[in-house]
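Here is the structure we will look at, set down as structure tokens.
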Amino acid sequence: MITLELYSILSRVMYSRVIKLTILIILLPAMCGVSFGYALVNYLEIPDVKQLETYKPKSATRLYADDGTLFAELFVEKRIPIPLTEMPKHLKLAFIAIEDVRFYKHFGVDVRGIARAAYRNLIHGGIAEGASTITQQLARNLYLTHAKNFKRKIEEAVLAIQIERSYSKDEILNMYLNLIYLGEGAHGVEAAAYTYFHKKAKNLTLEESATLAALTKSPSRLSPFKNSGRAMGRRNIVLKKMYEAGFITKKEYAHAVKQPMNLAPFRAYEKKTGYFTEYVKQMFEEYVTDVQEIYTTGLNIKTTINLKMTDFAYEAIEKGLQSYRERHPKGTEIPEVALVAIEVKTGDVKVIIGGKNFIVSPYNRAVQAKRQPGSSFKPIIYLAALEQGLSPDFILRDAPLSFTNPYTKALWQPKNYKNEYYGNVTMRKALELSLNTATIRLLEKVGIDNVIDLAKRLHINSNFEHNLSLALGTTEIAPLDLACAYAAFARGGVYLPPVAIKNISTIEGEEKYSAEIQGELVIPPEIAFSLVDIMKGVIKNGTGRSAAKMPYQLAGKTGTTDDFRDAWFIGFSPELLCAVWVGYDKKTNLGAKESGGTAALPIWIHFMSKALQFYPNEDFQFFYGPSDRIQDSSPPAP
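Right, here's the structure in full:
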């Protein structure tokens, strides 16, 4: 029978032998001479650790809003390398405490740690404790597979010793903390700090640092998003290790273990900014030769998105769709929505929303979907008339029309909304009331080709049908394209391409791109101003009069297709433009009376009522911008 005293003696003997055996294994190459060392290295195929000097891990690109808020990351591996000096002391010590408390005392391989682990594993009859140092983990993650065999462990040990001979402890720790995987796609402490707490690593608290260090054991099983109880338990173990190692005081430990996790919302911005992010990725391709750069080189991209306005837009959409639910029988499918907001004077895109929910459907209807604009195309026809010298008071005939196709003999009888006709009306009144038959007669007068040429001058690149149905907005156009055309009206005839990216720089601060937008004068300013004046009447007296109570100078136009498949409202102040589209992807009917004024305009009103608070309340005036950045492509005034 083994007594407690005999067991203690045997344990000490066994521990002593394990230490000696470990030392023998580690130092064997040196004991057997240089030639044996070279042979061992060649057999193990040890890579040259000097490669670390030029090693550049794949790093995440970070997208920032107009106020500097980080809202998205693009990556193959989500990593943002930072120097050790930007990591708080307690963050570094948290990882050392839980992973390698003797980090600053060993030479890459902790002989005492190996012996202790081997002894405990022998006593427990299995793997009860690991012994890989931080340097060994770095070697494994950089160069080796995760196979568990004797050869790989020897390779890991030899590599670790070589790394320690080539680099300082702080250099090794810095590489490790930028490389280690910490769950949810985050590699390195900076990416993890943003993922879990929406802050930079340098701003992490003691308990937050311990939370990250706790993830090294099993990032998935211990994810605080998925297993908060396990994560907190492991965090508190890290804090205890820090206290036992003398890294923190008893008071600091007692305070930290009582703190809640205080996690950032999981994927907080993705649902709301996903459509804008996809648009930025699309725009990025225009500025670089290698598209993969956006996922691997760790760029900083300053964008134009306004996060508060994006919140306002989603509020408006939800309210608008709720009203739609109330107008229709229970169980009716809810349509999709697209919303674009553009700053008039700069062309900066402040909001892009391409659907109800990016997570469910990432298809960006604001940019990719081309839909019939209905009556929201009419301002371009009236603009063509103004360019030809017709005044807003020019008289048009508003009465039923009938056309027979000379080839098919098919009869086309376009009608006004509600089948109401007004006889002789001015151009101004015809646009205010969105009169179809009067607009068709105007299109006949100004010429289909002239209208198409004007649309192309406004950078609407659609496949236009050469017939009078153009007056009813049958040519499909993407919401963003039509919004940019309207913005040219608002800024006195100057077209600016939509701007989503202001500048791109590397992690080191080198600027790779800076937006220098070239404006193009596509409409004589006095003609654009005259059109805006007519469109102000749409809101004061016409189909957009639901917005007339808003205390701003506004102009706009509703849009409804004949079969109620598409509902639009595009309107603007001198500072901000917003376009709203509502419809089904399968292009089915929205329901009787679901016009632009009913389905889209309320969303526009809700959004603009809040968004315009950021801008001065001024009246419209000619906008030219810097003269050296505007190319005049407008026709001569009549």
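In this text, residue positions in the sequence shown follow numbering that gives the first Met the number 0: the first is 0, and each later residue adds one. Ideal Cβ placement from N, Cα and C applies to all residues, glycine included.
At 4 residues or longer, and completely inside the region 463 to 498: list those alpha helix (DSSP H) runs for me, N to C.
Listed in chain order, the complete alpha helix (DSSP H) runs (minimum 4 residues) inside the region 463 to 498 are 478 to 489.
Could you give the first and the last residue of the continuous beta strand (DSSP E) run that contains Ser513?
Here residue 513 refers to the residue found at position 514 of the sequence shown. Its beta strand (DSSP E) spans residues Glu510 to Ser513.
Run the CB neighbour count on Lys377, radius 10 Å, all protein chains shown included, and call it buried at 16 or more, exposed below.
Along the sequence shown, one-based indexing puts residue 377 at 378. Lys377 is buried by the Cβ-count criterion.
Should Asp310 be labelled buried (16 or more other beta-carbon atoms within 10 Å of its own) or exposed?
Taking the first residue of the sequence shown as position 1, residue 310 is located at position 311. The residue in question, Asp310, is exposed, as its Cβ has fewer than 16 Cβ neighbours within 10 Å.
So Val348 packs on Ala546, CB below 8 Å; how close in whole Å?
Position 349 of the sequence shown holds residue 348. Position 547 of the sequence shown holds residue 546. Contact flag wrong, Cβ pair sits at about 22 Å.
Exposed or buried, what is Leu23 when buried is set at 16 or more other beta-carbons lying within 10 Å of its beta-carbon?
Counting from one through the sequence shown, the residue named residue 23 turns up at place 24. Confidence at Leu23 is low in this model, with a pLDDT of 47, below 50, so the placement of that residue is unreliable and no value is reported for it.
According to the neighbour-count rule (16 or more other Cβ atoms, all chains shown, within 10 Å of its Cβ), is Phe619 buried or exposed?
To locate residue 619, count along the sequence shown from 1; it is residue 620. Label assigned to Phe619: buried.
Please return the same chain residues whose Cβ sits closer than 6 Å to the Cβ of Tyr274, not counting the five positions on each side in sequence.
As a working mapping, residue 274 is identified with position 275 in the sequence shown. Once the five neighbours on either side are set aside, the close Cβ partners of Tyr274 are Ile351, Ile352, Gly353, Phe357 and Asn363.
Using three-state DSSP, classify Phe106 as helix, strand or coil.
Counted from its first residue, the sequence shown places residue 106 at position 107. Coil at Phe106, not helix or strand.
For a test of the three-state rule: what should DSSP assign to Gly422, helix, strand or coil?
Locating residue 422 in the sequence shown gives position 423, counting from the first residue. The answer is strand: DSSP assigns Gly422 an E or B state.
With 16 as the cutoff for other CB atoms within 10 Å, does Leu203 come out buried or exposed?
Along the sequence shown, read from residue 1 onward, the residue named residue 203 stands at position 204. Burial call: buried.
Quick check: the region 492 to 506 against the region 432 to 443, are there 3 or more CB pairs under 8 Å?
No contact exists between the region 492 to 506 and the region 432 to 443.
Give the range of the beta strand (DSSP E) segment to which Tyr406 is assigned.
Taking the sequence shown and counting its residues from 1, one reaches residue 406 at position 407. It is not in any beta strand (DSSP E) - Tyr406 carries neither H nor E in the DSSP assignment.
On the DSSP letters alone, give me the boundaries of the alpha helix (DSSP H) that Val359 sits inside.
Position 360 of the sequence shown, counted from the first residue, corresponds to residue 359. Element bounds for Val359: n/a, residue is neither H nor E.
Using the three-state DSSP reduction, which class does Leu298 fall into: helix, strand or coil?
Residue mapping note: residue 298 aligns to position 299 of the sequence shown, counting from 1. Of the three classes helix, strand and coil, the one that applies to Leu298 here is coil, per DSSP.
Counting only the same chain and skipping the five closest in sequence on each side, list residues whose C-beta sits under 6 Å from that of Asn449.
Position 450 of the sequence shown, counted from the first residue, corresponds to residue 449. Once the five neighbours on either side are set aside, the close Cβ partners of Asn449 are Ala383.
Please classify Thr2: is it buried, with 16 or more other beta-carbons within 10 angstroms of its beta-carbon, or exposed?
Position 3 of the sequence shown, counted from the first residue, corresponds to residue 2. Its pLDDT being 48, under 50, Thr2 is placed unreliably in this model, and the value from its coordinates should be taken loosely. By the 10 Å Cβ count, Thr2 comes out exposed.
DSSP state of Leu641, grouped into three classes?
Because the chain spans 0 through 637 in this model, residue 641 falls outside it and cannot be assessed.
In angstroms, rounded to a whole number, what distance separates the CA positions of Ala156 and His105?
Translated into the one-based positions of the sequence shown, residue 156 becomes position 157. Translated into the one-based positions of the sequence shown, residue 105 becomes position 106. Cα to Cα, Ala156 sits roughly 12 Å from His105.
Specify, as a first and last residue, the run of the alpha helix (DSSP H) that Leu211 falls within.
Indexing the sequence shown from 1 puts residue 211 at position 212. Residues Leu205 to Ala213.
Check whether the Cβ of Ala230 sits closer than 6 Å to any heavy atom of the ligand HEM, and report yes or no.
This structure lacks the ligand HEM, and indeed carries no ligand of any kind.
Using CA atoms only, rank isn't needed, just tell me which of Pro413, Asn299, Arg440 and Met260 is closest to Phe393.
Taking the first residue of the sequence shown as position 1, residue 393 is located at position 394. Per the Cα distances, Arg440.
I'd like the span of the beta strand (DSSP E) that includes Tyr63, first residue to last.
Indexing the sequence shown from 1 puts residue 63 at position 64. Run containing Tyr63: Thr60 to Tyr63, per the beta strand (DSSP E) assignment.
For Glu128, count neighbouring C-beta atoms within 10 Å of its own C-beta (all shown protein chains included) and say buried if the count is 16 or more, exposed if not.
Counted from its first residue, the sequence shown places residue 128 at position 129. With a pLDDT of only 45 at Glu128, under the threshold of 50, the placement of this residue in the model should not be trusted; the figure read from the coordinates follows. That one is exposed.
Of all the alpha helix (DSSP H) runs that stay within the bounds of the region 269 to 294, which reach a length of 4 or more residues?
Listed in chain order, they are 269 to 283.
Find the nearest neighbour of Glu515 within the set Tyr286, Met241, Leu479 and Gly232, judged by alpha-carbon distance.
One-based indexing of the sequence shown puts residue 515 at position 516. Comparing Cα-Cα distances from Glu515 to each of Tyr286, Met241, Leu479 and Gly232, the minimum goes to Tyr286.
Report the three-state DSSP secondary structure of Phe70 (helix, strand or coil).
Stepping through the sequence shown from its first residue, residue 70 is reached at position 71. It is a strand residue.
Out of curiosity, what's the CA-to-CA distance linking Arg564 and Ile476?
Here the question's residue 564 lines up with position 565 in the sequence shown. Here the question's residue 476 lines up with position 477 in the sequence shown. Each residue's alpha carbon lies about 14 Å from the other.
In whole angstroms, give me the CA-to-CA distance for Gly518 and Val343.
Start at 1 with the first residue of the sequence shown, and residue 518 comes out as number 519. Start at 1 with the first residue of the sequence shown, and residue 343 comes out as number 344. Cα to Cα, Gly518 sits roughly 12 Å from Val343.
I'd like to check one pair, Val579 with Ile604: are the Cβ atoms closer than 7 Å?
In the sequence shown, residue 604 corresponds to position 605, counting from 1. In the sequence shown, residue 579 corresponds to position 580, counting from 1. Not a contact, by the Cβ cut-off of 7 Å.
Determine the DSSP secondary structure at Lys651, reduced to helix, strand or coil.
The requested residue 651 does not occur in the structure, where the chain is confined to residues 0 to 637.
Below 7 Å between beta carbons: does that hold for Glu574 and Tyr512?
To locate residue 574, count along the sequence shown from 1; it is residue 575. To locate residue 512, count along the sequence shown from 1; it is residue 513. No, the Cβ-Cβ distance between Glu574 and Tyr512 is not below 7 Å.
So, Thr68 versus Asp99, is the Cβ gap smaller than 7 Å?
Position 69 of the sequence shown, counted from the start, is the residue given in the question as residue 68. Position 100 of the sequence shown, counted from the start, is the residue given in the question as residue 99. No, the Cβ-Cβ distance between Thr68 and Asp99 is not below 7 Å.
Is Ile533 closer than 7 Å to Ala454 when the C-beta atoms are compared?
On the sequence shown, residue 454 is found 455 positions in, with the first residue counted as 1. On the sequence shown, residue 533 is found 534 positions in, with the first residue counted as 1. No, the pair does not count as a contact, with Cβ atoms beyond the cut-off.
Inspect the CB distances between the region 330 to 342 and the region 80 to 98 and report whether three or more fall short of 8 Å.
Too few Cβ pairs lie closer than 8 Å, so no.
Just reading off the alpha helix (DSSP H) that Ser227 is part of, what are its end residues?
In the sequence shown, the residue the question calls residue 227 occupies position 228. Run containing Ser227: Ser227 to Glu243, per the alpha helix (DSSP H) assignment.
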